[in-house]
Amino acid sequence: MTKIPTNWTGRDDAMVEQMIRRGASRRELLKMLMSSGVAAAAGGSLLMRAGAAVAATPVSGGSLKAAGWSSSTADTLDPAKASLSTDYVRCCAFYNRLTFLDEAGQVQMELADSVASDDAQTWEVKLKSGVTFHDGKTLSADDVVFSLKRHLDEAVGSKVNSIAKQMTEISKVDDLTVKIVLSAPNADLPTILSLHHFMIIADGTTDFSKANGTGAFICEAFEPGVRSVAVKNPNYFKAEGPYLDSFEFFAIPDNNARVNALLSGDIQLAASVNPRSMRMLEGQDSVMTSVTTAGNYTNLNIRLDLEPGAKADFVEGMKYLVNREMIQKSVLRGFAEIGNDQPVSAANRYHNPNLAPRAFDPEKAKYHFEKAGLLGTEIPMVASDAASSSVDMATVVQQAGSQIGMNLKVERVPSDGYWSNYWLKAPVHFGNINPRPTPDILFSLLYSSDAPWNESQYKSEKFDSMMVEARGALDEEKRTAMYWEMQEMIANEAGTIIPAYISNVDAVSSKLGGLKANPLGGMMGYAFAEYVWLNA
Amino acid sequence: MMAEVTTTTAKDTPKRKGPGYRFNWVGKIGLAIILFWAVVAVVGPWLAPHPPGEIVDWDYFGPVTKDFWMGTDYLGRDIFSRILMGARYTVGIALAAVTLACTLGVILGMVAAVAGGWFDMILSRLLDAFNGIPSLLFGLVVVAAVGSSIPVLVLTLAAIYMPGAYRFARALAVNVNTMDFVTVARARGEGTPYLILREIFPNILGPVLADLGLRFVFIVLVLSGLSFLGLGVQPPNADWGALVRENIEGLSLGAPAVIFPSVAIASLTISVNMFIDNLPTKIRDRSE
Amino acid sequence: MTNPLVSVRDLRIGATTDAGRKVEIIKGVSFDIEPGEIVALIGESGSGKTTIALSLMGHTRTGCRIDGGNIRLGTSEITAMSERARASVRGTEVSYVPQSAAAAFNPSKRIMEQVIEIAAIHELMPRAEAEKKAVELFRALALPDAEHIGQRYPHQVSGGQLQRLSAAMALIGDPKLVIFDEPTTALDVTTQIEVLRAFKSVMQKGGMAGVYVSHDLAVVAQIADRIIVLRGGEIQEVGSAEQILRAPQHPYTKQLLAAFEPVPHQPVDQPVQAAKPTPVLEVFDLCAGYGPMRDGVPLAKILKNVNFKLERGRNLGVIGESGSGKSTLARAIAGILPAYRGAVMVDGKELKPDLQNRSKDDLQRMQMVFQLADTALNPAHSIGSILARPLTFYEGLRGKAREARVIELLDMVHLPAALRHRLPGELSGGQKQRVNLARALAASPELILCDEITSALDTVVAAAILELLKELQRELGLSYMFISHDLSTVEAICDDVLVMYKGEVVEALPAARMSSEATHPYSRLLISSVPQLDTGWLSGLEQDPELVAQFANR
Amino acid sequence: MPQSLTPWFLVIQRLGIALLTLVIVSFAVFFATELLPGDVAEILLGQAATPEAVAGLREAMGLNEPALSRFVGWLVGLLGGDLGTSYVNKMEVVELISGRLGNSLKLAGVTTLVSVPIALALGIGAAMWRGSLFDRIVSVLTISVISVPEFMVATLAVLIFAVWLGWLPALSYGADVSSLSAMLKAYAMPVITLSFVVSAQMIRMTRAAVIETINTPYVEMALLKGASRKRMVLGHALPNALGPIANAVALSLSYLVGGVIIVETIFNYPGVAKLMVDAVSTRDLPLIQSCAMIFCVSYLSLITLADMIAILSNPRLRR
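Residue numbers (the UniProt record's numbering), protein chains in the order written: chain A, 1 to 536; chain B, 1 to 288; chain C, 1 to 554; chain D, 1 to 319.
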């Protein structure tokens, strides 16, 4: 468990800031924190201007206004369809999951009392008793069965349909017990159930114009693309929280406008602030920032089944050509950790720290390109604002290429339709992957031979079999070793270049207390509403 | 920006100095700035001290220094170089779009004025209907459909401004068309192409040129508005509007990265306005 | 000896031309006006007559300013006053009757509002009183329905009425001096008489002094006590009306008077190819109109069953007042406005109604010359290229041959060859009209349709154009169809005359015997309404009021 | 003028043309949307758009019907006053739009109330004292405003009034509107920004239109009657310049409904422009269509209104 140390002072705070500004790497920063007696936060999280967090006595009451970065008429209260941060925030406020991940990435029980299995294939979920929905109905196994089975129905359009497919049987045992049988052993099921999409809704719900959940807040108003207003649930089943009487959530897509709204005091939380705005926030007593490095990354994908990626030397060259330090320092303004071309970030307990990032070496890159016979050929790199920072990253790579006579052309394409038209399709393109709680989800989603999002068309039988084996392995040490090896395989063999794990920076009013980082994403893994309070 | 702009060039200067096509000093300053940017657009890439995409400074939103004359941008790239490169795109795209829009609009407008009848009616209605769609939204749809490249930009901008040019040219051409010299030519048996090119066109050229200038200004601004929506030239290059847009976070810091591109845009648009408002009346009002 | 009401001493007015040059347009003019006296300023365009008249109100048009001299009106020194002080004099001491009342009335306000505006501006009297006074003036000006005409909008009354209403507008403030700026020029002759009469009687009753600006000696003769002849911003001659008309001293005055003398037309000797008996132009039951077509008939029918015949080498005059359809006739014949019924035959060959369907040959045979020389020449082309185009178009001439022919054409209309390099804007009105003629001649036509080609020109210049037409006819054996509202012009050049009224030909007769033989009442009215160079003509004129009521366009 | 061409005939003719235009636009918008890559099912699923998932969702949403029949269905519904149901969130389009449209109209209304009187006053003033210092200052100001990108004006306004001075809220929507002063505050920023943007054009056009009528003989006549400059301009020139001024105002105002996307984005104001942008990015056809119709209707009705003002202000056309 991570705790912000009580001897944390404003001076340390300033020192951290200073270091970040000078471009200190994440690692250096952590080293410094260690040396000063601070345990590194498991999620790599850190509250800047941490003074406010010290007075950690929750205060009840008050009304919070928070702004996310995207919202549209596609906003939904249906957890299965949730796709934007806005949706997650709302779902976390109105519903509950069976399990959730804490700041350290450990599975904690929420609606479930226990999630247990002997063989990692047949699972039994025991529910807490006496939990009620907003409409007064008591939570039962039927609700859980309904909520989970929905994901298997294609007409629902669930985002986690492919993950849910492994649940071959979901059945009610008794009023408070549900049995889940998997197609193959998977020790990660408790973690999988903490995904935002697996929120529990009342049996038979089809109308999502209102939210009827068990959550800490009751939905008072919901206007898609505009805002939602929530009031405190007086019958919330948890002993602690929520502290806020009400909170309003909406999106201000323009970064600058979001920051300005925070600075002018119109909102108390501005999610996901562009690091470019940091200088605006510096020296403002009324705001502080919460930085989370959860494992979100923007990566450069080179398809191995198409030219030019079919030439191994091209892929190798590109790995040397990506100036990770410049991407981390200039593009991401230091709010990132340098990545080592594999998807499991330091926030994850299975992260392989021995795998060193590839050093920027244009000469080696040139050697490989020459060997591939591609020096001077125009090669388009497809980037888009849809994959955050990808355009700037592409510029950095393009610039490095032009120094050695490699003609890489940045092709910026519209955000709209990027995921269906370019991502996974173009020979060289950028992608953006949100943090996933387990290596298994990442691997099976992105790197197994039949992965739906196999970004570089990486195919390895050895990798596939290791994945299945690790999934069912209940021996933690063996599992870790296998995951480390698989990370190495990805870094060296796949065509996905992951230059950095991007930190999420939320800017909040200094009156806001209780905000901590979470490996599931910014804003406390989107679940901040029930944990935060407003100091007077 | 405006969905539709029917430009009535105000007659500010009843007095003209000197005979013939001479400008007053305000017009001269305007012309000088326009020419300056035109030259920069052509030779800019050779003047730029750095490639537009090169990150030259670890710092961002850097101040004006002797190495970076206009500071650095959000990535630490040299703004001076980027503005020099951007001139080519801003001036070039706006010029191409305005030329295309006006050429097409003027030709169609003249044909509609001469042909009259249902051709005129249908074309006017169609373009009117098109005018009803806000231009930025139109731009947005285009981005969504075909992405962003220079030809797409030019065509989109031209499409946005063509109906206005059409309307303007048609109104002028209708006036000229009723003049006796056109009737004389028609009575002589001349065909439509002759009427349009030889009789009408020379007499609407002056106001059309003035209109072209004003449209140019709006196109420069809409171009910057489109970059707000993500339709712009491909990185690492950027037009001035995009430079303002991508560095707008620097505004509150007073970063030169946002101020200089804004000044560049304003200097171009204001000078075009100055130039047009002070055009010798001989050119502006020849058909009146 | 009483002091004159107005005295103008050494008035100099300068202007800045479009090109920025400064020129003096009034070069030291001095004259007096006694109280109650009507003085006419007469001259051709550019003589400065309107400029002088406006300067009496302290007003100069854009680009002009008073450079020297002084103007005294009553006790006020106009030239020394501030703009605000001048405004207080305008309307009360001196007022203005504009050339075109139609343009000078604000189209969006009721007439009464505008007539009594002077009283409102200067707070002369309460509104009710002002309206009462206006109605009295309407009566005095012989306006119909004097009680209610003020409630109408300007577009709802006729031009002649509007002109009289503008006089009421000027008189409402009981000024000491009224300036009439060509107030009848835009009117038809039959209307002009009534307006002149009304002006004359109110001026006499009110005992006001007046300045009457005009280019028309015959009109001026009816109303002015004294005439000042102007040319190029200088006074040529001053004298009583009687003296100027009977015994002009200055050669320029004599020239002006000479231009008024009717020159009887000598029919051209029967042309050489008289063997061909077919008339050059023949029109049967021609009907034409404007507006959307319904059942093959346009909404607004203008021409109704016009028939006539024009023999080769002869000239046909078409006279009528505004709205008579005479210009429409020319357009229908030329095919610009396709006739919807009837036939046009040239040289015995029937032409298609629409010019698009006529052959080049048909088009070439018949050419048209328009009234306004300014708008008939493309301002963007040089004279040379304007004349060259028909040569290329009809005859395929190019290069040297074409150039030679252009020079020849210019010579035919008595213009120097060097003129071909100029733009139309640099030519005078007379020169432009000659170029227009030359362009028609370039097609080597047999027939030229002349639509009011002398109406916009000064009398002397117009006379010269008529001379030229006759000369060309003698040399080239042309036929003219000559459209005009001016009887004397038609008499001067035509063999036969058609009198048109409301789209119909009411009478056709030989030009020479028009005055004596016209039988149709409208023809008679028209003929009797033409002002004569005789100071007593208007007072002596008697017209049948019923006839006037039936036909005059008032 | 022939009897049948009365103003009513003109009005009816204009309305008919407007209706026809609407149909053309809806048709064009429909097929433009069809041409866009991706459909609502793919977009909704985003990264999760596997072929099977997309096919399933498409089937569920009824997207497999032919495009034309969907268009006709929508058009028929429209005639019956039914704008259809949003593909994306199954809500009635009417419900989605009504609130947003109200917001847009509120913003447009307040901006109109502020900008039109100011713009007309400045334009007329500049024309009245043509060539004076006032005229020149107005000219320089309008040119400057025209020359600055809108998002720049908006961002600067936020920085100055909300962040630095703290006088006004940075966001308009959802702000406290319980009292009049609070409401004025809430609307101040977008209204200031939009007023800047739309006024410049109106000022220029008004000035040009008035100057044109000042050069007519009837205004000279008023001068010769001894009228003051004020009387000449306000009493004589202005009534006749109403037509062109109304046209300029209509064009500027039509921008306020659909063209304010940048202002809506920066001030987080939920209006129809943003709704349309959302609709386009999710390919939500019924919503796109309905928004496009709204823009078109507002544009056409403003233009038609301007035409009618021109007709009514001209006694020659009015009867």
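For every residue, glycine included, the Cβ atom is placed at its ideal position computed from N, Cα and C.
- Nearest Cα to Leu-525 of chain C within the set C:Glu-546, C:Arg-513, C:Asp-534, C:Leu-171: C:Glu-546.
- Taking a 10 Å sphere around the C-beta of Lys-133 of chain C, we find 16 or more other C-beta atoms and assign the residue as buried.
- Segment contact: the segment 512 to 521 of chain A against the segment 222 to 229 of chain A, fewer than three CB-CB distances shorter than 8 Å; contact not assigned.
- The three-state secondary structure of Glu-491 of chain C, taken from DSSP, is helix.
- Residue ranges of uninterrupted alpha helix (DSSP H) with 4 or more members, entirely inside the segment 137 to 218 of chain D and ordered along the chain, are 150 to 157, 180 to 214.
- Secondary structure note for Lys-126 of chain A: its beta strand (DSSP E) is the uninterrupted segment 122 to 127.
- Taking a cut-off of 8 Å for Cβ pairs, the segment 420 to 439 of chain A and the segment 299 to 306 of chain A touch, as three or more such pairs fall below it.
- The DSSP assignment places 85 to 94 as complete runs of the alpha helix (DSSP H) inside the segment 66 to 138 of chain A, in order along the chain (cut-off: 4 residues).
- According to the DSSP secondary-structure assignment, His-429 of chain A is paired through a beta bridge with A:Asn-301, A:Val-382.
- Three or more beta-carbon pairs drawn from the segment 203 to 222 of chain D and the segment 112 to 131 of chain D are found closer than 8 Å, and the two stretches are therefore classed as touching.
- Beta-bridge partners of Gly-513 of chain A (DSSP): A:Trp-533.
- Using a Cβ-Cβ cut-off of 8 Å, Ala-53 of chain D counts as an interface residue toward chain A, since at least one Cβ of chain A sits closer than that to its own.
- Taken in chain order, the complete beta strand (DSSP E) segments of 3 or more residues contained in the segment 131 to 197 of chain C are 177 to 181.
- Taking C-beta atoms as the reference points, Leu-148 of chain A and Phe-198 of chain A count as a pair closer than 8 Å.
- Taking each of C:Lys-400, C:Phe-393, C:Val-283, C:Val-39 in turn and checking the Cα distance to Asp-225 of chain C, the smallest one comes out for C:Val-39.
- Secondary-structure assignment with DSSP links Tyr-269 of chain D through no beta bridge to anything.
- Rounded to whole angstroms, the gap between the alpha carbons of Ala-211 of chain A and Ala-82 of chain A is 13 Å.
- Short of 7 Å from the beta carbon of Asn-177 of chain B, and not among the five residues preceding or following it, lie these beta carbons of its own chain, in chain order: Ala-113, Val-114, Ile-200.
- The segment 210 to 226 of chain C and the segment 31 to 45 of chain C touch, with three or more beta-carbon pairs separated by less than 8 Å.
- Val-226 of chain A reaches chain D at Gly-99, Arg-100, Tyr-173, Pro-270, counting residues in chain order whose Cβ is nearer than 8 Å.
- Below the 7 Å Cβ cutoff, chain B contributes Gln-234, Pro-235, Pro-236 as neighbours of Val-410 of chain A, in chain order.
- For Glu-542 of chain C, the secondary structure class from DSSP, reduced to helix, strand or coil, is coil.
- Within the segment 93 to 115 of chain C, the residues whose Cβ lies closer than 8 Å to some Cβ of chain D are Ser-95, Tyr-96, Pro-98, Ser-100, Ala-103, Ala-104, Phe-105, Asn-106, Pro-107, Ser-108, Lys-109, listed in chain order.
- Going by DSSP, Phe-482 of chain C is part of the beta strand (DSSP E) stretching over 479 to 484.
- Annotation: the continuous beta strand (DSSP E) that includes Ala-300 of chain C extends over 297 to 310.
- From the beta-carbon of Gly-132 of chain B, the residues of chain D found nearer than 9 Å are Thr-21, Leu-22, Val-25, Ser-254, Gly-258, Ala-292, Phe-295, Cys-296, Val-297, Ser-298, Tyr-299, Leu-300, Ile-303.
- It is roughly 40 Å from the alpha-carbon of Ala-334 of chain C to the alpha-carbon of Ile-303 of chain D.
- For the 8 Å CB-CB criterion, Ala-209 of chain C and Glu-34 of chain C form a contact.
- The C-beta of Ser-124 of chain B comes no closer than 8 Å to any C-beta of chain A.
- Among the CB atoms of chain D, one or more fall inside 8 Å of the CB of Arg-245 of chain B.
- In the three-state DSSP reduction, Ser-55 of chain C falls in the helix class (H, G or I).
- Against chain D, the CB of Ala-266 of chain B has a partner CB under 8 Å away; the residue lies at that interface.
- At least one CB atom of chain A sits nearer than 8 Å to the CB of Pro-51 of chain B.
- Think of a sphere of 7 Å around the beta carbon of Pro-149 of chain D: the chain B residues whose beta carbon falls inside it are Leu-221, Ser-224, Gly-225, Gly-241, Val-244, Ile-265, in chain order.
- The secondary-structure analysis by DSSP pairs Val-6 of chain C across a beta bridge with C:Ile-33, C:Leu-73.
- For Thr-177 of chain A, the enclosing beta strand (DSSP E) covers residues 177 to 182.
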